[in-house]
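Q: This is the structure I want to talk about, given as structure tokens.
There are 2 protein chains.
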Amino acid sequence: MADEALFQFLHNEVIQYVYKSAENGEMENGRCVSKLEHLGFRVGQGLIERFTKDTSRFKDELDVMKFICKDYWTSVFKKQIDNLRTNHQGIYVLQDNKFRLLTQLSSGKQYLEHAPKYLAFACGLVRGGLSNLGVRSIVTAEVSVMPACKFQVMIQKA
Amino acid sequence: MADEALFQFLHNEVIQYVYKSAENGEMENGRCVSKLEHLGFRVGQGLIERFTKDTSRFKDELDVMKFICKDYWTSVFKKQIDNLRTNHQGIYVLQDNKFRLLTQLSSGKQYLEHAPKYLAFACGLVRGGLSNLGVRSIVTAEVSVMPACKFQVMIQKA
């Protein structure tokens, strides 16, 4: 529990820090989300390397994606992805009905506009994890009703 | 274990990020350590609030300091402080013979010059924790032989 709190507090402070840098004119505002995403990407690369140390080889892309939704998500966010859908043409939608980094925000519409800040790092975590498993992707997220959210993964073919 | 890795990887990336901002001229180099320390301060404030939720009142300053060395340190860094010394005039020295955030660096002298980066956040954690327990302080750290380090806490009387 301590480590979970440690991560969550640090994650919150990093968000504040990145956005504050933007306010102070040290960085353009639009770059904040991509900075956070990049931090997540690097962390995801590290994590997946550790988590897959003893797993057997993945069969295919869908197999990788299932690993992300189950093992990876559970390790990082304490629960599985609730729903995984795909169009079988390289687009996957991962739905989390109670996303851990949003549960600390009040639900309702009041803070809906701030949700993207709290999802950017997680998008990076997914992209970084996939990347180290050999799957290049673009990951975006959207929230309609807090604390549920959807991550959309678009596979980038080589 | 996953959360511990998550924190450590994020902590590393935050260090890289802050120092990279300095390189790009978005910030003066000297401010990096104090930025990291400030992040730690804020996280420490949050953590101590959570950790002391159910503890009884502290008797005095030394009692607070023992709590930091035992319970707080164990929660965050997985082990107690190995040695606590004080001059009974407001200076405390906390020695950790195997500091968790340094064990990932190679021991020996090769990376000694990089050690301060990896201690700034921890200094802030201590200062923030103490601050929320009503003890104002200045916290510095030094490394002589990796991965051992000493944190010096100077109490600031009101």
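Which chain is which? The protein sequence lines are A and B, in order. Heads up: the first sequence at position 126 corresponds to 128 in our numbering, and the numbers run straight through without jumps. Heads up: the second sequence at position 18 corresponds to 20 in our numbering, and the numbers run straight through without jumps. Even for Gly, the Cβ is constructed at its ideal location relative to N, Cα and C. Just so you know, these numbers come straight off a predicted model, no measurement behind them.
(1) Enumerate in chain order the residues of its own chain whose CB-to-CB distance from residue 80 of chain A is below 7 Å, with the five nearest sequence positions on each side excluded.
(2) Closer than 8 Å by C-beta to residue 38 of chain B: which residues in its own chain qualify, once you throw out the five before and the five after it? Chain order, please.
(3) Using the beta-carbon of each residue, which ones in chain A are nearer than 7 Å to residue 52 of chain B?
(4) Which residues, in chain order, does the segment 105–117 of chain A contribute to contact with chain B at a C-beta distance below 7 Å?
(5) With a threshold of 16 other CB atoms inside 10 Å of the CB of residue 129 of chain A, please say whether the residue is buried or exposed.
(6) At which residues does the beta strand (DSSP E) containing residue 152 of chain B begin and terminate?
(7) Taking the C-alpha atoms as reference points, what is the distance between residue 149 of chain B and residue 26 of chain B?
(8) Between residue 136 of chain B and chain A, is the shortest Cβ-Cβ distance under 8 Å, so that the two count as touching?
(9) Determine the chain A residues that contact residue 132 of chain B at a beta-carbon separation under 9 Å, and present them in chain order.
(10) Taking the continuous alpha helix (DSSP H) assigned at residue 49 of chain B, which residues delimit it?
(11) Which residue's Cα is closest to the Cα of residue 7 of chain B: A:35, A:36, A:44, A:22?
(12) Using only CA atoms, which one of A:59, A:9, A:160 lies nearest to residue 92 of chain A?
(13) For residue 144 of chain B, which of B:138, B:137, B:98 has the nearest alpha-carbon?
(14) Ignoring anything shorter than 4 residues or poking outside the segment 85–154 of chain B, list the alpha helix (DSSP H) runs there in chain order.
(15) What first and last residue would you give for the alpha helix (DSSP H) that runs through residue 160 of chain B?
(16) If you measure from the beta carbon of residue 23 of chain A to each beta carbon in chain B, is any gap under 8 Å?
(17) Is the CB of residue 44 of chain B under 8 Å away from at least one CB in chain A?
(18) Please say whether residue 12 of chain B and residue 9 of chain A have beta carbons closer to each other than 8 Å?
(19) So which residues of chain B does residue 11 of chain A contact, with C-beta pairs closer than 7 Å?
(20) Taking the alpha helix (DSSP H) that residue 17 of chain A belongs to, which residues open and close that run?
(21) For a contact defined as C-beta to C-beta under 8 Å, what are the partners of residue 120 of chain A on chain B?
(22) Output, in sequence order along the chain, the residues in the segment 72–85 of chain A whose CB is closer than 7 Å to any CB in chain B.
A: Well, looking at it:
(1) Hits under 7 Å: 102.
(2) 16, 17, 20, 119, 122, 123, 126
(3) Residues of chain A whose Cβ lies closer than 7 Å to the Cβ of residue 52 of chain B are, in chain order, 7.
(4) For the segment 105–117 of chain A, the set of residues with a beta-carbon nearer than 7 Å to any beta-carbon of chain B is empty.
(5) buried
(6) 151–157
(7) 30 Å
(8) no
(9) Within 9 Å of the CB of residue 132 of chain B, no CB atom of chain A is found; the nearest one sits about 16 Å away.
(10) 33–53
(11) The shortest Cα separation from residue 7 of chain B among A:35, A:36, A:44, A:22 belongs to A:44.
(12) Distance from the Cα of residue 92 of chain A is smallest, within the candidate group A:59, A:9, A:160, for A:160.
(13) B:98
(14) 117–134
(15) First-last for residue 160 of chain B: undefined, no H or E at that position.
(16) yes
(17) Cβ-Cβ to chain A under 8 Å: yes for residue 44 of chain B.
(18) yes
(19) 45, 48, 49
(20) Per DSSP, residue 17 of chain A is one residue of the alpha helix (DSSP H) stretching across 4–25.
(21) Those do not exist, as residue 120 of chain A stays about 14 Å from chain B at its closest Cβ, beyond 8 Å.
(22) 77, 78
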